[in-house]
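2 protein chains.
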Amino acid sequence: MKIESVDFFYLKMPVVEDIGDGSQDAVLVRVRAGGLEGWGECEAAPLPTIAAYVCPMSHSACKPVRASVEGMLLNEPSDIEKISRKVRENSFDLLQADHTLSGIDIALWDVMGKRLEQPVFELLGYKKAFPKLPYASQLFGDTPEQTYEKACESKQSGHRAVKFGWGPIGRGTAKEDAVHFRAARAGLGNDHHLMIDIGTCWVENVSAASERLKVLKEVNAYWLEEPFINMALGAYRQLSAEDPRVSLAAGEGCHNYAQAEAMIGHAGLSFIQIDTGRIGGITQAKRVADLAVSRKITYVNHTFTSHLALSASLQPFAGIKNDFICEYPVEPSPLALDITRDHIPVEQTGEVWVPERPGLGMEVNTGLLSKYLVDMEIYVNKQKIYTTPAF
Amino acid sequence: MKIESVDFFYLKMPVVEDIGDGSQDAVLVRVRAGGLEGWGECEAAPLPTIAAYVCPMSHSACKPVRASVEGMLLNEPSDIEKISRKVRENSFDLLQADHTLSGIDIALWDVMGKRLEQPVFELLGYKKAFPKLPYASQLFGDTPEQTYEKACESKQSGHRAVKFGWGPIGRGTAKEDAVHFRAARAGLGNDHHLMIDIGTCWVENVSAASERLKVLKEVNAYWLEEPFINMALGAYRQLSAEDPRVSLAAGEGCHNYAQAEAMIGHAGLSFIQIDTGRIGGITQAKRVADLAVSRKITYVNHTFTSHLALSASLQPFAGIKNDFICEYPVEPSPLALDITRDHIPVEQTGEVWVPERPGLGMEVNTGLLSKYLVDMEIYVNKQKIYTTPAF
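Protein chains in written order, with the working numbering: chain Y, 276 to 666; chain P, 276 to 666.
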């Protein structure tokens, strides 16, 4: 079959707030081929991502992503890899291209799975999927009391792993942060995994991180996430070698395989966190998962949006039993929930399973989405090069 | 003074061809502050770059670049650094933001220099500028005979350093490439520097590079540029340790300081090539130049477009005497030449000097540019969020 059409949809909540909630808007991608329809999602700024698909060519290595996609053959999984390579070759000077490719690649795997009547993880070579332990991601409270209460609530709601991040942490003194860390542990009790996410707040400042290691060890932090910006290899490596040692997690900012490989090779990480909606889709994420296995580093998805994105992000490591932790969006916006008819539930065991249905196993709820659809038009020299498509 | 306005102009040649010439279009940035005007250029795909400036906010770390720029104070050089930091904090999930910031940062330095009546390199802390030896960049011929003739012509035109790249190289056998390498050296004679640019053609394939090392050594290649994709640290490192050893050059794809630091630290490079129009502007490029000095690696600009971009790209290492090589666009498009009234000439000595005039020392030739101006409009929910400004 051939790729017949690729359509981009920009969806958003009526009000987008200045808060750390990435589920307030979405870029959905619909690919049609051989009478089938596949869906993907870019974890990306919608307008620049769509612009990277439709923009005029600048030169031979700065072409719009569409130049490498439309009309391409799509008969077997290796055809998806070919498209991924072609995008890199044709668009390597177009920075946003990796985010644009991500949603397309995911949609291509969805179509391929429907065509071959297999879930994507099987097409990736996994014989079976293993359950994952979802961790609930939430903001620190503004006060230690609030952090404590949030931790108590998380415990009561049945989560066995909880991540706290952002909010006041990393912006005040180490002592102030310590009170929050202890409050989170006190609320959760000792049987739960507690992760701490700094959100790149310390940039490359190793000593800001160092002076918090002792209390992080004391509260038995399962990992310390993104103390530094993506690719700050030296700072990560230095922190990873300090005593006491706290396991480091990072990687969500990687937008290609080479960057993830660099982080795995040189940052002293224990966990590599990959967003399938940024790294170039399932094709590149699977390469990272394979590399992580060979380097004995744990692969974890980064997912903060819809259950379409969640299914896509679980596929690349679905068959790796040891990589048992997964990120699970616990407070998605109504938009993010409405994107799919199906949802991936947290089972009574506290675990989640990747869908066993063909492709990503998720039905996109187009009937519900019109109210979120952003009407967008782009004209270049009076010619309309993008207009919002119909569902 | 305050930043009063930031305007983006998309310019292009009447016909953009599918060739490796990045000067066929341009993104110019005009910043107005305190009654002054500064200009910068992004080395980037115009539409996505402009989209990253004007797009709606997605969440607190995925804001349009404009959110960190408009209305900001601009009284001293450290204010430019503040803006750079703010863009990283506010837009770190917006991939294209670094390319957008690049042109803005360059324009801010231009304004600052005009305000303080100093050339940018002095504001960066250099007491004086040193001359640079420009190398002429050109494509390999389709046949070895053509490569030989091009090399002879380059020699006759007075260039003391010449780079050949792209074209058929790296796509056929090692033997075929060897004939081209020898033809280039034969045409140039032995007194000229000869650089070879692979244009990332081998991706991460070390053996494709290895089998050409002997002949590269034989023709005394000054450097081997981008045998692999940006950030393929392992492949670069491995190649750098092989015998015979050929100096490696790379880095033009780095879009932030951390990536350049990773390349300097782990790729075994002898030359780090930075495009000021991609890495976040002069602010970030200067940080890389400082790091390169401390690591005893040679900094070289990557510049393939206008003399505005050339001036901006020379400033960050203007005062480093040892870093004496510079890239110089020898076959820019008419558009690229028309962007500035002033041009940076190759002196009789074969050298070029960064302008000593305030700011970047280049006057933008707005009168000539209207014919290249692309008329662009972007609407989001019927609201016009971008329209081509007037010069």
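Positions of the beta carbon are idealized from the N, C-alpha and C atoms, including for glycine. Quantities reported herein were computed from a predicted structural model and do not represent experimental measurements.
Along the region 493 to 528 of chain Y, the alpha helix (DSSP H) occurs as fully enclosed runs of 4 or more residues at 508 to 515, listed in sequence order.
Taking a Cβ-Cβ threshold of 8 Å, the residues of chain Y close to T475 of chain P are F367, in chain order. Contacts with chain Y at 8 Å (Cβ-Cβ) include H374 of chain P. Per DSSP, the continuous alpha helix (DSSP H) segment holding V481 of chain P begins and ends at V481 to S485. If you draw a straight line from the Cα of S359 of chain Y to the Cα of Y401 of chain Y, it comes to about 21 Å. Here E364 of chain P carries a helix assignment [DSSP, helix/strand/coil]. In summary, V329 of chain Y is buried, with 16 or more beta-carbon neighbours lying within 10 Å of its beta-carbon over all protein chains present. CA-CA distance, V490 of chain Y to L644 of chain Y, rounds to 45 Å. Remark: fewer than three beta-carbon pairs, one from each stretch, lie closer than 8 Å, so the region 631 to 641 of chain P and the region 412 to 426 of chain P are not flagged as touching. L286 of chain P is positioned such that its CB atom lies no closer than 8 Å to that of Y661 of chain P. With fewer than 16 other CB atoms across the displayed protein chains lying within 10 angstroms of its CB, S432 of chain P is exposed. Only exposed fits P620 of chain P, as fewer than 16 other CB atoms lie within 10 angstroms of its CB. For G309 of chain P, the closest of P:E279, P:V437, P:P419 and P:E517 by C-alpha to C-alpha distance is P:E279. Contact between the region 363 to 374 of chain P and the region 346 to 354 of chain P is absent: fewer than three C-beta pairs spanning the two stretches fall below 8 Å.
Taking V291 of chain Y as reference, the option from Y:R446, Y:V306 and Y:A320 with the minimal CA-CA separation is Y:A320.
Contact residues of the region 640 to 663 of chain Y toward chain P are V649, D650, M651, E652, I653, Y654, V655, N656 and K657 (C-beta to C-beta distance below 8 Å).
Short of 6 Å from the beta carbon of D617 of chain P, and not among the five residues preceding or following it, lie these beta carbons of its own chain, in chain order: M637 and E638. At least one C-beta of chain Y is nearer than 8 Å to the C-beta of M506 of chain P.
CA-to-CA, the gap between Q590 of chain Y and T580 of chain P works out to about 43 Å.
Scanning chain Y for C-beta atoms nearer than 7 Å to the C-beta of Q534 of chain P yields M506, reported in chain order.
The beta carbon of H434 of chain P sits closer than 6 Å to those of A411, all from its chain and outside the five residues before and after it, given in chain order.
For S515 of chain P, the closest Cβ of chain Y is not nearer than 8 Å.
Fewer than three beta-carbon pairs drawn from the region 374 to 390 of chain Y and the region 541 to 556 of chain P are found closer than 8 Å, and the two stretches are therefore not classed as touching.
According to DSSP, Y285 of chain Y shares a beta bridge with Y:V302. Take C601 of chain Y, set aside five residues on each side of it, and the residues of its chain with a beta-carbon closer than 6 Å to its own are K407, P409 and N576, in chain order. Each residue's CA atom was taken as its position, placing D296 of chain P and L566 of chain P some 30 Å apart. In summary, I294 of chain Y is exposed, with fewer than 16 beta-carbon neighbours lying within 10 Å of its beta-carbon over all protein chains present. According to the DSSP assignment, M470 of chain Y belongs to no alpha helix (DSSP H) but to the beta strand (DSSP E) extending over H468 to D472.
None of the residues of the region 445 to 471 of chain P has a beta carbon lying less than 9 Å from any beta carbon of chain Y. Using a Cβ-Cβ cut-off of 7 Å, V563 of chain Y is close to nothing in chain P; its nearest Cβ partner there is about 13 Å away. A check of alpha carbon separations from F439 of chain P across P:T375, P:D452 and P:T448 identifies P:D452 as the nearest. Residue pairing for I549 of chain P: DSSP places it in a beta bridge opposite P:N576. If you keep only unbroken alpha helix (DSSP H) runs of at least 4 residues inside the region 350 to 432 of chain P, you get 352 to 365, 372 to 391, 395 to 398 and 419 to 431.
A Cβ of chain P is located within less than 8 Å of the beta carbon of Q299 of chain Y.
Judged by their CB atoms, P604 of chain Y and S298 of chain Y are nearer to each other than the 8 Å cut-off.
For S280 of chain Y, the pairing in a beta bridge is given by DSSP as Y:R307.
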